[in-house]
Structures are given as structure tokens and as C-alpha cells.
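Worksheet: the structure to be examined is printed underneath.
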Amino acid sequence: MDDDALVGLALEQARAAMATGDVPVGAVVATASGEVVGVGRNAREATGDPTAHAEVLALRAAAAVLGTWRLDGCTLAVTLEPCTMCAGAAVLARVARIVLGAWDPKAGATGSLWDVVRDRRLNHRIEVVPGVRAVECGDVLRAFFAGHRATPPWPGA
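Position one of the sequence shown corresponds to residue 89 (the working numbering), numbered consecutively onward.
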């Protein structure tokens, strides 16, 4: 499965998150052969769990399917650039690649505000592929925040 298709699956998860009032972020984990082994969507509002970010939930699901915490060779596709918690989780899971849609200039940790996943001080670094379906990913976020904030935090995603 190519990066565009993976982000498409993540977008489906993001849209589903809106039903629970969660910020519409979705994530998918795929093996090197393209098999989807984990999906997740933001569920902080739905669960009351501050760690229930789409990426963390997708990584947990993938680890359960694969039977290991080491997600060597896997790709994490996400609609919004991961935060520091999620970027750190991806590093600790040994993910090979992160494919992201929209940048997050306020909290992103894969190249915009911070670059946790390529920090030379850590024992693992991740390839980042940005901008896959960026406009579509940004549009989903802008639509959600249109009713919540006067100015959406993702200008020109």
C-alpha cells in the first residue's frame, strides 16, 4: 500500500474521531510489505485518557497484532504531525518511517517545532515523509475547529 493510500485510511479514522468530539486526527501502522496492522484515532474525549492520541493507539494495536513492541520496518501514517509524546513513542517502537499529512506548527515534533524523531542523541531515528494529502488533512482539522475557535491553528496546511 502506498503512502497516499495509508494517509487515506488515516483520514477515515480522523473523520470518525469527530463523532466523539475528539480532534480529528487518525493514524495507521503498516508493515514494510504494506499490511495494515494498527489503526487509531484521537480518543481523549471519548475515553478521558490524556494519552489516547491516534498515533499511540495505532502503535499499541500494531504491537498487539505483531506480538512485539519492536515495529521494525513499519510505517506510521498520520493526518497531523505527531506531538512530542507520539514522536517519542514512535522512536521507542523503532518505527522506520512516519508519513504525515499536515504540519503542526504549534506542537509538532517531527520537524516543525521540534525534531524528536531525528535527534542524533537518541538511539533510533525515523525517516519523515511530510505533506502527503496535506490540504485534505488540514481541511478536516479546519472544519472541526471552525466551530470551536475563531482562528484555526493550522493555517495553510
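From the three backbone atoms N, C-alpha and C, an ideal C-beta is built for every residue, glycine too.
Residue i: CB within 6 Å of a non-hydrogen atom of the ligand FMN
i, result
"G176", "The model depicted lacks the ligand FMN and carries no ligand whatsoever."
DSSP bridge partner residues for residue i (one or two, in chain order)
i, result
"D203", "T198"
"R129", "G114"
"L188", "V166"
"W228", "Sequence check: residue 228 is Val here, not Trp. Bridge partners of V228: none, in fact."
"V216", "I186"
"V179", "None; V179 has no bridge partner."
"V124", "A118"
Nearest residue (CA-CA) to residue i, options the options
i, options, result
"G96", "G155, T167 and A105", "T167"
"D91", "Q101, R103, V113 and V117", "V117"
"W202", "C174, A222 and R182", "C174"
"R129", "Q101, D207 and V205", "Q101"
"A140", "H236, A120, A105 and E169", "A105"
"F232", "L94, A190 and V111", "V111"
"V217", "R230, G235, V228 and W191", "W191"
"I214", "C225, G226 and T198", "T198"
"P193", "P170, M89 and H212", "P170"
"A149", "T119, P138 and R230", "T119"
"R80", "A98, L229, H236 and V179", "The chain is shown from 89 up to 245; residue 80 falls before or after that span and cannot be answered."
"T172", "S200, V187, V204 and T156", "V204"
Sub-7 Å separation of residue i and residue j beta-carbons
i, j, result
"L147", "A177", "yes"
"V125", "L154", "yes"
"R158", "R182", "yes"
"V144", "G189", "no"
"T108", "A142", "no"
"G122", "M89", "yes"
Classification of residue i by the beta-carbon crowding that lies within 10 angstroms, buried from 16 upward
i, result
"G161", "exposed"
"A152", "exposed"
"L210", "exposed"
"G196", "buried"
"G114", "buried"
"A245", "For A245, the predicted structure reports a pLDDT of 45, less than 50, and the residue's modelled location is therefore unreliable. A value from the coordinates is still provided. Looking at its Cβ environment, which holds 16 or more other Cβ atoms inside 10 Å, A245 is buried."
"G226", "buried"
"V223", "exposed"
"A234", "exposed"
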